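In what follows, a structure is listed as structure tokens, so that the remarks can point back to it.
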Amino acid sequence: MQLLQVQQIDKYFGADLILSNIKLELHDKDRTALVGRNGAGKSTLLKIIAGELSYDSGQIIKPKDVTIGYLSQHTGLESNLTIWEEMLCVFDDVREMEQKLRDIEQKMSDPANYQQEGAYEKLLSEYDRLQEDFKEIGGYQYESDIRSVLHGFRFFEKDHHTHISTLSGGQKTRLALAKLLLTKPDLLILDEPTNHLDIETMAWLEKYLQNYPGALLLVSHDRYFLDQIVTQVYELSRHEISIFHGNYSKYLEQKAERYERDVKLFEKQQGEIAKLEDFIQRNLARASTTKRAQSRRKQLERMKIMDRPAGDEKSASFSFSIEKQTGNDVFSLVDGTVGYDGSPLAKNIELSLTRGDSIALVGPNGIGKSTLLKTIFKKLPLLSGEMKYGSNVQIGYYDQEQADLSSNKTVLQELWDHYPLTSEKDIRTVLGNFLFSGDDVLKTVSSLSGGEKARLALAILMLQKANLLILDEPTNHLDLDSKEVLENSLVDYPGTILFVSHDRYFINRIATKVVELSESGTVEYLGDYDYFLEKKEEMNELEKLAREKLEQKSQAGSKTVDKSSYVHEKEMRKLDRQRKRRISEIEECVEQLEHELAEKEELLCQPDIYEDHEQSLAIHLEVEKLKEEVDKLMGEWTELSEEMDS
């Protein structure tokens with residue numbers, strides 16, 4: 061089923077063309093990625109599809125009953141309600157139907173409704189219909205769905221009564237995504253959904269989206285995330301759009317193959333054109349060959365001349381170097397505690413950096429990763445422990461928030477102020493390498509986009525030539541192409557790197573070690589992110605085996621009991637036998653009562669019975685009495701079962 065069709069959409073901002081002749085189709089169950097450079101118009105196109113932005117020409121065709129859910133990359137949930145109350149709002153129609161069912165049940169138990177002719181049958185019919193509708197819209201599981209999604213986004217039972225107004229920006233963004241997922245629209249449009257998510261939450265979101273019942277349209281700069289989810293890719297480049305089938309890695313392969321094929325076709329046509337032109341030039345003036353030359357000229361005029369295939373758009377170009385090398389021991393932290401204003405956030409931290417290391421620091425959001433990096437860079441004091449720096453260590457620090465890049469200086473002046481002894485020509489060359497060309501260098505820093513600020517911060521860091529790079533989420537705000545350039549430059553970097561990233565592909569390319577930070581301290585793994593996952597799985601399996609062995613040992617030990625415990629155990633077995641007998645009696649009794657109950661309820665459906673209101677009322681009262689007996693017996697059954705389990 062086709063959910064949406066975009067036909068020949070054009071979009072201008074003022075006189076600037078943003079999108080040209082955009083064609084896109086989305087069908088039920090599609091898993092679609094929209095990729096392109098920062099500024100290519102991806103977010104603009106998503107807003108147009110979601111109906112939040114107008115377009116200048118073209119049309120969007122969508123069936124009336126198709127629902128669209130859209131989450132922009134900077135959305136945060138604003139509410140004065142608690143987390144649980146806000147999530148319940150998604151199911152207002154379900155809860156309203158649930159209340160109607162309770163109301164009808166109340167009316168059905170009222171004897172007065174048996175005295176009016178047809179009243180009870182009408183209530184029963186309405187109840188059956190409502191119950192079917194209620195089941196169909198997930199009425200019996202909506203609270204379970206809320207708990208599952210909140211747990212996936214790391215909001216646990218203890219957080220449910222927290223007021224949303226007290227949460228951080230990142231938490232509000234996660235809640236906005238959680239609420240949108242619960243609405244389950246036919247088409248789910250997500251712009252950078254992995255922002256503010258730790259690795260564990262991203263893994264959960266991947267599985268959720270893989271099984272999502274509707275269609276997906278995603279913008280993400282996380283290659284690992286895209287590879288796990290999408291089955292087709294639309295690329296926005298030079299205002300136009302192209303489609304590729306497969307995940308992101310397949311898209312890269314197809315794009316390279318398509319470019320190579322187009323270049324060959326272009327060169328082949330150029331060779332044919334050259335031959336035709338040469339033949340025409342040599343033979344047009346000769347009487348004997350002029351007709352053949354004219355025929356070739358017509359052939360040339362009819363030919364559709366191909367444009368030279370456009371290669372990739374200009375990429376950033378940079379590399380990190382160092383002024384002088386450190387000693388072998390670069391940094392160590394023993395029994396460290398970090399936090400803010402004397403309040404500990406992470407304890408028992410053991411960290412050692414050796415020259416040439418590239419260490420990824422991983423762990424859940426809020427555990428203290430950024431705090432640890434700021435402490436090593438001396439932006440925050442160490443609360444306890446011993447911190448040592450090796451010889452000749454010069455630290456370059458990249459802040460994920462680019463907090464220091466908010467001035468009203470121009471881009472040119474900002475970089476020049478950091479390195480005043482560098483010539484203007486060299487500063488402009490560096491900025492050009494980071495895609496700031498022409499009038500871009502005269503933009504004010506405060507007006508830059510997130511991606512532009514990230515590139516400027518990397519330019520400042522590159523010129524520092526530090527031999528220890530501390531990077532806090534360096535890939536945030538970078539498009540996929542700029543990420544690849546950054547990856548390549550860090551792979552070739554001759555110094556030492558300590559970084560925090562939630563980008564698993566980036567970690568796999570850069571990291572030689574992974575250090576996991578948790579509430580109990582740090583654990584070091586000698587490998588990349590995939591190795592870290594394998595070892596974690598292996599450790600979990602070993603823990604499971606150890607628990608099973610402990611249980612077996614405990615069971616074996618319980619066989620060697622003394623006489624008094626034997627007597628006690630004998631009494632307990634006797635009591636258990638009594639309980640089992642009683643449970644069997646209850647089960648038989650309940651089965652008999654339920655049989656009687658079914659017979660009575662069948663009687664109520666017979667016309668000669670429900671038309672006799674006195675007889676109908678009498679049977680209904682018997683039904684209620686039987687239900688009470690069943691409930692009482694089931695309560696006793698539950699109590700005995702729990703006693704046996706304990």
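Residues 61 to 706 in our numbering are what the sequence shown spells out, letter by letter.
A virtual CB, placed ideally from N, CA and C, is assigned to each residue, including glycine.
As the structure is a computational prediction, the values presented were derived from the model and not from experiment.
Below 9 angstroms between beta carbons: does that hold for residue i and residue j?
i, j, result
"Leu237", "Leu227", "no"
"Arg234", "Arg214", "yes"
"Tyr294", "Thr92", "yes"
"Tyr585", "Ile567", "no"
"Gln65", "Val279", "no"
"Leu440", "Lys448", "no"
"Asn493", "Phe378", "yes"
"Met168", "Leu183", "yes"
"Glu158", "Phe194", "yes"
"Met363", "His562", "no"
"Leu257", "Leu269", "no"
"Lys596", "Gly587", "no"
"Leu248", "Leu276", "yes"
"Ile44", "Lys315", "In the structure as shown, the chain starts at 61 and stops at 706, and residue 44 therefore has no counterpart that could be examined."
"Ile143", "Leu241", "no"
"Leu558", "Leu421", "yes"
"Tyr458", "Leu529", "yes"
"Leu472", "Leu491", "yes"
"Gln67", "Asp88", "no"
"Ile82", "Ile301", "yes"
Can residue i be considered in contact with the ligand GDP, in the sense that its beta carbon sits closer than 8 angstroms to one or more heavy atoms?
i, result
"Val650", "For the ligand GDP, the structure offers nothing, since it holds no ligand at all."
With burial defined as no fewer than 16 other Cβ atoms inside 10 Å of the residue's Cβ, what is the status of residue i: buried or exposed?
i, result
"Tyr130", "buried"
"Asp401", "exposed"
"Lys698", "A small correction: the amino acid at residue 698 is Thr; Lys does not occupy that position in the sequence shown. The residue in question, Thr698, is exposed, as its Cβ has fewer than 16 Cβ neighbours within 10 Å."
"Thr386", "buried"
"Asn388", "exposed"
"Glu696", "exposed"
"Glu703", "exposed"
"Asn44", "With the chain covering only 61 through 706, there is no way to say anything about residue 44."
"His223", "exposed"
"Leu569", "The question names Leu, but residue 569 is Arg in the sequence shown. By the 10 Å Cβ count, Arg569 comes out buried."
"Pro667", "exposed"
"Val394", "exposed"
"Met694", "exposed"
"Gly96", "buried"
"Asn140", "exposed"
"Phe216", "exposed"
"Glu474", "buried"
"Glu603", "exposed"
"Leu502", "exposed"
"Phe73", "exposed"
"Ser328", "Reading the sequence as shown, one finds Lys at residue 328 and not Ser. Lys328 is exposed by the Cβ-count criterion."
"His707", "Within the shown structure, residues of the chain are numbered from 61 to 706, placing residue 707 beyond reach of any answer."
"Glu252", "buried"
"Gly229", "exposed"
"Lys429", "buried"
If I measure Cβ to Cβ from residue i and keep anything under 7 angstroms in the same chain, skipping five residues before and after, which residues do I get?
i, result
"Gly416", "Thr556"
"Leu700", "Arg639, Arg642 and Ile643"
What does a CB cutoff of less than 6 angstroms around residue i pick up in its chain, not counting 5 residues either side in sequence?
i, result
"Gln460", "Asp532, Glu533 and Asn536"
"Ser392", "Ser412 and Lys448"
"Ala514", "His537 and Leu538"
"Ile303", "Tyr294"
"Ser380", "It should be noted that the sequence gives Phe, not Ser, for residue 380. Correct list, in chain order: Met522, Ser549 and Tyr553."
So residue i packs on residue j, CB below 8 angstroms; how close in whole Å?
i, j, result
"Arg298", "Ala370", "7 angstroms"
"Ile730", "Gly396", "Outside the displayed span of the chain (61 to 706) sits residue 730, for which this structure offers no information."
"Leu664", "Ser676", "6 angstroms"
"Val126", "Thr243", "No, Val126 and Thr243 are not in contact; Cβ-Cβ is about 14 angstroms, not under 8 angstroms."
"Leu523", "Ala406", "At roughly 32 angstroms, the Cβ-Cβ gap does not stay under 8 angstroms, so Leu523 and Ala406 are not in contact."
"Asn468", "Thr504", "5 angstroms"
Tell me which same chain residues have a C-beta within less than 8 angstroms of the C-beta of residue i, skipping the five on either side of it?
i, result
"Gly101", "Lys71, Ile78, Leu79, Leu296 and His299"
"Cys649", "Leu693"
"Ser451", "Thr386 and Gly387"
"Glu689", "Leu653"
"Leu325", "Met366"
Within the segment 368-453, ranges of the beta strand (DSSP E) (whole runs, at least 3 residues): 389-400, 403-414, 418-422 and 444-449
Just to confirm the assignment: which complete beta strand (DSSP E) runs, minimum length 3, are found wholly within the segment 551-594? 556-560, 573-578 and 581-585
What runs of the beta strand (DSSP E), each 3 residues or longer, lie entirely inside the segment 287-365? 292-297 and 300-305
Please specify which runs of the alpha helix (DSSP H), each continuous and at least 4 residues long, are wholly inside the segment 78-125, giving them in chain order. 102-110
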